[in-house]
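Everything below concerns the one structure shown next.
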Amino acid sequence: MTHDILFHRIVAAGCPVLTQEPMRLHTTFKIGGPADLFASPRDQKQLCDLLALCREAQVPVTVVGKGSDLLVSDEGIRGVVVHIDGGFGGLSLAGPGVIRCGAGVSLAKLCLFALENGLTGLEFAWGIPGSAGGAAYMNAGAYGGEMKQVLTRCTHMTPDGRLGAFAGEELALSYRRSAYTGSDRIITSLELALAPGDKEQIRARMDDYLSRRKQKQPLEYPSAGSVFKRPAGYFAGGLIEQCGLKGYRIGDAMVSEKHAGFIINAGQASCRDVLQLIAHIQHTVQQECGVSLECEVKHIGEEIG
C-alpha cells in the first residue's frame, strides 16, 4: 500500500491526518523534519482503526504527545506518526481523591484540575511542558516529586488494537522509567490518587515551583528540558558547568548559560547540531570528571547518514 493510498484510507476512516508535516511544529525543541503521515485520532476507536490500517500497510508507527522530551531527526519520520492529543483529553473525578484523565491532557491542565478540586500531590508537575501520558511513560518528576507517588493505573492499546491496563506494581515505575518505556503499548488514559489539601497552600507550592523554574531554567528558549539523567552522586548540570561548557555551542545548539543541564535551540538548530553537542558534552565530562552521562532526551526518526 502506498502512502497516498494509506492517507486516503485514514481520511475515509474519519481520522485527521496531514502529509509531510514538519515535526518541528510538534516538539518543544522546535527541531525535526517531516513526518510521512501525521495522524491525530479523536478517540479510542479511531486509534484502533488507524493502527489496523498501519498494520495492513506494513508501515512503522511512532507515537508522540506534546513532544517535550523529543529530538526528531532532520530527515523526519518515516511511516505514520500517531499524535495522542486532544482526542484523549478527558478529565474527571473517578472517586474521592481519584482523578481519571486522558493521555493527551497537558500536565498544566491536570495540575489546575487538581487545584480546583483541592487535591494535593501533583504540585511538582506544575510547569513541566508535557502530557499526562508522556509523564506516566517516563515517570516524570521534579523538586522531590514524581509520578510514581500518585499514579495508580494506566490503560493502553497494543499495536494490534487490544485494550489492556497496568496498575500498582505492574507499572514498574523507577527513575525516568515505567513498564511502558521502550514498549509499543500506547497509553490512552491514567488514574491518579491524590490527597485532600488546602487550595491556598497548593497554589502557593505551585507558584513557588514555577518561580524556581523561571529563575533557574531557560524557559525563554526552545529545549527538551533536562538533557541528561542524574548520575549517582552528582548533578549533570553541575558537572557540565564544572567543565566550562556553559555557553558552548555547535551551530545553533547551545549549552544554556542559565542552566548547564539544558541544551537550547538558540535559532535554527538542527538535530545534527544537538547530537554533536550531546556527544561533546558526554566526552568532555567523561574525560575530566570520570562520570558517564546518560541522555534522557529521546531521539527519534530517520537516522542521519
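Under my numbering, read the sequence shown as residues 34 to 338, first letter to last. Note that CB positions come from ideal geometry on N, CA and C, so glycine has one too.
Could you check the C-alpha separation between residue 264 and residue 332 for me, to the nearest Å? On the sequence shown, residue 264 is found 231 positions in, with the first residue counted as 1. On the sequence shown, residue 332 is found 299 positions in, with the first residue counted as 1. Rounded to whole angstroms, residue 264 to residue 332 spans 20 Å at the Cα level.
Pull up the DSSP beta-bridge partners for residue 199, would you. Locating residue 199 in the sequence shown gives position 166, counting from the first residue. Beta-bridge pairing links residue 199 to 187.
Would you check if the region 122–132 and the region 220–234 touch, i.e. whether three or more CB-CB distances between them fall below 8 Å? yes
Element boundaries [beta strand (DSSP E), containing residue 53]: Looking up residue 53 in the sequence shown gives position 20. 50–55 is the span of the beta strand (DSSP E), which, as asked, contains residue 53.
Between which residues of its own chain and residue 124 is the CB-CB distance below 6 Å, once the five residues before and five after are set aside? For the purposes of this step, residue 124 is identified with residue 91 of the sequence shown, where counting begins at 1. Cβ within range, chain order: 134, 138, 146.
Quick one, are the C-beta atoms of residue 256 and residue 295 less than 9 Å apart? In the sequence shown, the residue the question calls residue 256 occupies position 223. In the sequence shown, the residue the question calls residue 295 occupies position 262. Against a cut-off of 9 Å, the Cβ pair of residue 295 and residue 256 comes out as a contact.
Segments assigned beta strand (DSSP E), at least 3 residues, entirely inside the region 126–164: 131–135
So what does DSSP say about residue 43, is it helix, strand or coil? Locating residue 43 in the sequence shown gives position 10, where the first residue counts as 1. It is helical.
Using CA atoms only, rank isn't needed, just tell me which of 289, 283, 262, 285 is closest to residue 274. One-based indexing of the sequence shown puts residue 274 at position 241. Nearest of 289, 283, 262, 285 to residue 274, Cα basis: 289.
In angstroms with no decimal places, state the Cα-to-Cα distance between residue 267 and residue 293. Taking the sequence shown and counting its residues from 1, the one referred to as residue 267 is at position 234. Taking the sequence shown and counting its residues from 1, the one referred to as residue 293 is at position 260. Rounded to the nearest angstrom, the two C-alpha atoms are 13 Å apart.
Would the region 297–314 count as touching the region 101–111 if we require 3 or more Cβ pairs under 8 Å? yes
Quick one: Cα of residue 60 to Cα of residue 298, how far? For this step, residue 60 is matched to residue 27 along the sequence shown. For this step, residue 298 is matched to residue 265 along the sequence shown. Rounded to the nearest angstrom, the two C-alpha atoms are 12 Å apart.
Option in 285, 286, 277 with minimal Cα separation from residue 321: Taking the sequence shown and counting its residues from 1, one reaches residue 321 at position 288. Per the Cα distances, 277.
With DSSP run on the structure shown, which of helix, strand or coil describes residue 338? Looking up residue 338 in the sequence shown gives position 305. With a pLDDT of only 49 at residue 338, under the threshold of 50, the placement of this residue in the model should not be trusted; the figure read from the coordinates follows. It is coil, neither helix nor strand.
Have a look at residue 186 and residue 121 and give me their C-alpha separation to the nearest angstrom. Residue mapping note: residue 186 aligns to position 153 of the sequence shown, counting from 1. Residue mapping note: residue 121 aligns to position 88 of the sequence shown, counting from 1. Roughly 16 Å between the two C-alpha positions.
Which term fits residue 196, buried or exposed, when burial requires 16 or more other beta carbons within 10 angstroms of its beta carbon? Indexing the sequence shown from 1 puts residue 196 at position 163. Residue 196 should be labelled exposed.
Which residue's Cα is closest to the Cα of residue 57: 100, 81, 73? Start at 1 with the first residue of the sequence shown, and residue 57 comes out as number 24. It is 100 whose Cα lies nearest to the Cα of residue 57.
If residue 207 and residue 172 are in contact, beta carbons under 8 Å, what's the gap, nearest whole angstrom? Here residue 207 refers to the residue found at position 174 of the sequence shown. Here residue 172 refers to the residue found at position 139 of the sequence shown. So it is a contact: roughly 7 Å between Cβ atoms.
Report the residue from 192, 204, 74, 193 whose alpha carbon sits nearest the alpha carbon of residue 184. By one-based count along the sequence shown, residue 184 stands at place 151. Residue 184 has its Cα closest to that of 204, out of 192, 204, 74, 193.
Residues that DSSP places opposite residue 95 in a beta bridge: Residue mapping note: residue 95 aligns to position 62 of the sequence shown, counting from 1. Answer by DSSP bridge pairing, in chain order: 114.
Indicate the three-state DSSP secondary structure (helix, strand or coil) for residue 244 in the structure shown. As a first step, residue 244 must be located in the sequence shown, where it is residue number 211. Residue 244: helix per DSSP, three-state reduction.
Rounded C-alpha distance that separates residue 169 from residue 260: Translated into the one-based positions of the sequence shown, residue 169 becomes position 136. Translated into the one-based positions of the sequence shown, residue 260 becomes position 227. Cα to Cα, the separation comes out at about 18 Å.
Under a Cβ-count criterion, where at least 16 other Cβ atoms within 10 Å of its own Cβ denotes burial, should residue 177 be classed as buried or exposed? Position 144 of the sequence shown, counted from the first residue, corresponds to residue 177. Classification for residue 177: exposed.
Beta-carbon proximity check, residue 117 vs residue 49, cutoff 9 Å: In the sequence shown, the residue the question calls residue 117 occupies position 84. In the sequence shown, the residue the question calls residue 49 occupies position 16. No, the Cβ-Cβ distance between residue 117 and residue 49 is not below 9 Å.
Could you check how far apart the C-beta atoms of residue 347 and residue 114 are, in whole angstroms? I think they sit under 8 Å. This structure leaves residue 347 out entirely; the chain is present only between 34 and 338.
Cβ neighbour criterion (16 or more within 10 Å) applied to residue 216: Counting from 1 along the sequence shown, the entry for residue 216 is found at position 183. Exposed, because fewer than 16 other Cβ atoms sit within 10 Å of the Cβ of residue 216.
DSSP three-state assignment for residue 284, whether helix, strand or coil: Mapped onto the sequence shown, residue 284 falls at position 251. In this structure, residue 284 counts as coil in the three-state DSSP scheme.
Can you tell me the Cα-Cα spacing of residue 66 and residue 218, whole angstroms? Walking along the sequence shown from the start, residue 66 turns up at place 33. Walking along the sequence shown from the start, residue 218 turns up at place 185. Cα-Cα distance, rounded: 25 Å.
Helix, strand or coil at residue 121 according to DSSP, with G and I counted as helix: Your numbering for residue 121 matches position 88 in the sequence shown. Residue state, collapsed to three classes: helix.
Alpha carbons only, please: which of 83, 315, 236 is nearest the one belonging to residue 154? In the sequence shown, counting from the first residue as 1, residue 154 sits at position 121. Taking only the C-alpha atoms, the option nearest residue 154 is 236.
For residue 257, three-class secondary structure by DSSP: For this step, residue 257 is matched to residue 224 along the sequence shown. In the structure shown, residue 257 sits in a strand (DSSP, three-state: E or B).
Report the three-state DSSP secondary structure of residue 64 (helix, strand or coil). The residue you call residue 64 lines up with position 31 of the sequence shown. In this structure, residue 64 counts as coil in the three-state DSSP scheme.
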